[in-house]
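A short worksheet on the structure shown next.
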Amino acid sequence: MTYLAKPRLRHPTLLTNKVGYTRRDYEGKISTLCAGCGHDSISAAIIEACWELDIEPHRVAKLSGIGCSSKTPDYFLGASHGFNTVHGRMPSVLTGANLANRDLLYLGVSGDGDSASIGLGQFAHAMRRGVRMAYIVENNGVYGLTKGQFSATADEGSKSKKGLVNTDSPVDLVAMALQLGASYVGRGFSGNKAQLVPLIKGAISHGGAAFIDVISPCVAFNNHPGSTKSYDYVREHNEAVSRIDFIREREEITVDMAAGEVMDVRQHDGTLLRLRSLHPGYNPGDRHAAMAYMQRHQEMGEVVTGLLYVDPLATDLHTALNTSERPLNTLGPAELCPGAQALDRLNHALR
Ligand SMILES: Cc1ncc(C[n+]2csc(CCOP(=O)(O)OP(=O)(O)O)c2C)c(N)n1
Ligand code: SF4
Ligand SMILES: [Mg+2]
């Protein structure tokens, strides 16, 4: 028998956050992924981000597709809402849930196969519509769950474990998110938790469509020489544009001037993203410059990580559609039915 539940014992000295939860309260079932899989490190970063943000677990809805990556919501936030959709269909189900209840915080968890292969159309429309969510792609360049076929994000010329060379051009989800209008776009590496946790915190606190592509090596099928999504490759070619800190408005603000140029970006909810630029002049507020920067460095064989673009005052689909402020399940018949006269007017206008 497989035993997947973690023991519920809680040590009395465990630290609690401002809403009274320990880190353990943000965990889920025991992971069944391969030991060393990058996806488990991303789950750990999500747990840390939610604990640090003092989010009550019942305020989160986590949605995913199909794949090893899409299994991970079972391994964190065990007390949150969850929906494991069909392969590549997470964005549309999340959009529907979000429109019905804007009070929840939406986490979309997906894989490169789930979002860049079968689900590419769904990904594109969620980005361009500005659905408020933190959309995280755990990108290993392969279909891990179905035993390592190249996905659409595999770089041209990269090699599979069996030595096959990928001849197709890669889909770059970061470039697409930028082009399609996402208002928070970043790239992380599962092996760099110090960078990933604040990136996720910023995405969850963002007021529009936030997208993070996280390079997440598949140790079973894509962590060998010749792969551009392996631990070694990313460590050797990583170019961080910025170091990011996430700061609550009410917390004391300290500035480490020695660390390079510092830029504070205030989001709509009052939180601050503090960026220490590692690359002189890198400005995360310029969408076109971010696209050009990414492309230039990609051609040099570099994997650019960090917060690449943010529009701190972004709004979302609810603002565009002028929807109900309240979740639909709290509305009564009087609010849901426009009345006979309004329907008559509508029918008349269509004649
Ligand atoms: C409609 C449909 N087509 C194909 C599959 C088979 N399938 C399951 S997971 C998967 C790919 C998963 O790759 P990715 O999203 O990158 O996740 P990973 O396992 O690499 O984390 C495929 C092709 C499926 N389950 N459903
Ligand atoms: S097959 Fe790859 S992606 Fe799937 S759990 Fe194993 S290492 Fe992770
Ligand atoms: Mg994959």
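Quick note on our numbering: the sequence shown kicks off at 583 and runs consecutively.
For glycine and all other residues, C-beta sits at the position ideal for the given N, C-alpha and C.
Any idea if Asp827 is buried or exposed, counting beta-carbon neighbours within 10 angstroms, 16 or more meaning buried?
Translated into the one-based positions of the sequence shown, residue 827 becomes position 245. Buried: at least 16 other Cβ atoms inside 10 Å.
What do you get for Met882, buried or exposed, if any count of 16 or more other CB atoms within 10 angstroms of its CB means buried?
Within the sequence shown, numbered from 1, the residue matching residue 882 stands at position 300. By the neighbour-count definition (other C-beta atoms within 10 Å, threshold 16), Met882 is an exposed residue.
Collapsed DSSP secondary structure at Val779 in the structure displayed
For this step, residue 779 is matched to residue 197 along the sequence shown. Helix.
Are Ala716 and Gln877 close, meaning C-beta to C-beta below 9 Å?
One-based indexing of the sequence shown puts residue 716 at position 134. One-based indexing of the sequence shown puts residue 877 at position 295. Contact annotation: Ala716 and Gln877 have beta-carbon atoms that are not nearer than 9 Å.
If we call anything under 9 Å between Cβ atoms a contact, is Thr654 one with Gly723?
Within the sequence shown, the letter at position 72 stands for residue 654. Within the sequence shown, the letter at position 141 stands for residue 723. No, the Cβ-Cβ distance between Thr654 and Gly723 is not below 9 Å.
Could you tell me if the beta carbon of Ile648 falls within a distance shorter than 8 Å of some heavy atom in ligand 1?
As a first step, residue 648 is located in the sequence shown; it is residue number 66 there, counting from the start. For Ile648, the shortest C-beta to heavy atom distance toward ligand 1 is below 8 Å.
For Ser798 versus Cys619, is the C-beta spacing smaller than 9 Å?
Residue numbering aside, residue 798 sits at position 216 when the sequence shown is read from its first letter. Residue numbering aside, residue 619 sits at position 37 when the sequence shown is read from its first letter. Yes.
Nearest-angstrom Cα separation, counted from Pro862 out to His819:
The residue given as residue 819 occupies position 237 in the sequence shown. The residue given as residue 862 occupies position 280 in the sequence shown. Whole-angstrom Cα-Cα distance: 19 Å.
Assumed close pair Val719, Ser692 - CB separation to whole angstroms, cut-off 8 Å
Within the sequence shown, numbered from 1, the residue matching residue 719 stands at position 137. Within the sequence shown, numbered from 1, the residue matching residue 692 stands at position 110. Cβ-Cβ separation between Val719 and Ser692: approximately 5 Å, consistent with a contact (criterion under 8 Å).
Measuring straight from C-alpha to C-alpha, what distance separates His560 and Met709?
Residue 560 is absent from the model: the chain starts at 583 and stops at 933.
Flag Ser751 as yes when its Cβ comes closer than 8 Å to any non-hydrogen atom of ligand 1, and as no otherwise.
Locating residue 751 in the sequence shown gives position 169, where the first residue counts as 1. Closer than 8 Å to some heavy atom of ligand 1: that does not describe the Cβ of Ser751.
Can you tell me whether Asp795 is helix, strand or coil according to DSSP?
Counting from 1 along the sequence shown, the entry for residue 795 is found at position 213. It is a strand residue.
How many whole angstroms separate the CB atoms of Leu854 and Val823, which I take to be in contact at a CB cut-off of 8 Å?
Position 272 of the sequence shown holds residue 854. Position 241 of the sequence shown holds residue 823. Leu854 to Val823, Cβ: 18 Å. No contact.
Report the residue from Arg714, Ala792, Ala924 whose alpha carbon sits nearest the alpha carbon of Leu903.
For the purposes of this step, residue 903 is taken as residue 321 along the sequence shown, with counting starting at 1. Of the listed residues, the one whose Cα sits closest to Leu903 is Arg714.
Write down the C-beta distance between Tyr891 and Leu760 rounded to the nearest angstrom, noting that I regard them as a contact closer than 8 Å.
Numbered from its first residue, the sequence shown carries residue 891 at position 309. Numbered from its first residue, the sequence shown carries residue 760 at position 178. Right, the Cβ-Cβ distance comes to about 6 Å (below 8 Å), so this counts as a contact.
Ala916, buried or exposed, once every other Cβ within 10 Å from all chains shown has been counted against 16
For the purposes of this step, residue 916 is identified with residue 334 of the sequence shown, where counting begins at 1. Exposed is the call here.
Quick check on Arg927: buried or exposed, where buried means 16 or more other Cβ atoms within 10 Å of its Cβ?
Position 345 of the sequence shown, counting from 1, holds the residue named residue 927. Label assigned to Arg927: exposed.
In whole angstroms, what is the alpha-carbon distance linking Asp685 and His640?
On the sequence shown, position 103 is the one that residue 685 refers to. On the sequence shown, position 58 is the one that residue 640 refers to. Approximately 11 Å, taken between the alpha carbons.
Does the distance between the C-beta of Asn722 and the nearest non-hydrogen atom of ligand 2 fall short of 8 Å?
In the sequence shown, counting from the first residue as 1, residue 722 sits at position 140. When distances are taken from the beta-carbon of Asn722 to the heavy atoms of ligand 2, the shortest one is below 8 Å.
Would you kindly work out how many angstroms separate the C-alpha atoms of Leu857 and Ala922, rounded to a whole number?
Counting from 1 along the sequence shown, the entry for residue 857 is found at position 275. Counting from 1 along the sequence shown, the entry for residue 922 is found at position 340. Separation of Leu857 and Ala922 (C-alpha to C-alpha, rounded to the nearest whole angstrom) is 55 Å.
Report the rounded CA-to-CA distance for Glu638 versus Leu746, giving the unit in angstroms.
As a working note, residue 638 is residue 56 in the sequence shown. As a working note, residue 746 is residue 164 in the sequence shown. Roughly 46 Å between the two C-alpha positions.
How do the region 694-709 and the region 597-612 stand: do at least 3 beta-carbon pairs fall below 8 Å, yes or no?
These segments do not touch.
Pull up the distance between the alpha-carbon of Ile835 and that of Pro780, whole angstroms please.
If you number the sequence shown from 1, residue 835 lands on position 253. If you number the sequence shown from 1, residue 780 lands on position 198. Summary for Ile835: the model assigns pLDDT 43, below 50, so the residue's position carries little reliability, and this model does not support an answer.
Can you tell me whether DSSP reads Phe803 as helix, strand or coil?
The sequence position of residue 803 within the sequence shown is 221, counting from 1. Looking at Phe803 - three-state DSSP - the assignment turns out to be coil, as it is neither helix nor strand.
Quick one: what does DSSP say His861 is sitting in, helix, strand or coil?
On the sequence shown, position 279 is the one that residue 861 refers to. When DSSP states are grouped into helix, strand and coil, His861 belongs to the coil group.
Residue from Glu738, Cys800, Tyr766 whose Cα sits closest to the Cα of Gly773
Locating residue 773 in the sequence shown gives position 191, where the first residue counts as 1. Out of Glu738, Cys800, Tyr766, Cys800 has the C-alpha closest to the C-alpha of Gly773.
Counting along the chain, where does the beta strand (DSSP E) carrying Asn666 start and finish?
Here residue 666 refers to the residue found at position 84 when the sequence shown is read from its first residue. The continuous beta strand (DSSP E) containing Asn666 extends over residues 663-666.
Who are Asp827's beta bridge partners in DSSP?
Within the sequence shown, residue 827 is the residue found at index 245, counting from 1. Asp827 pairs with Arg856.
Tell me the start and end of each unbroken alpha helix (DSSP H) in the region 643-721 that is at least 4 residues and wholly inside, in chain order.
Counting whole runs of 4 or more residues, the region 643-721 contains the alpha helix (DSSP H) stretches 650-653, 672-682, 702-711.
Using the Cα positions of Cys632 and Val601, report the straight-line distance between them to the nearest angstrom.
Here residue 632 is taken as the residue at index 50 of the sequence shown, counted from 1. Here residue 601 is taken as the residue at index 19 of the sequence shown, counted from 1. Taking the CA atoms as reference points, Cys632 sits about 11 Å from Val601.
Which value, in whole angstroms, describes the spacing of the CA atoms of Gly712 and Asn748?
In the sequence shown, counting from the first residue as 1, residue 712 sits at position 130. In the sequence shown, counting from the first residue as 1, residue 748 sits at position 166. A direct Cα-to-Cα measurement between Gly712 and Asn748 gives close to 33 Å.
Should Asp868 go down as buried or exposed, given a rule of 16 or more other Cβ atoms within 10 Å for buried?
Locating residue 868 in the sequence shown gives position 286, counting from the first residue. By the neighbour-count criterion, in which 16 or more other beta carbons inside 10 Å mark a residue as buried, Asp868 falls on the exposed side.
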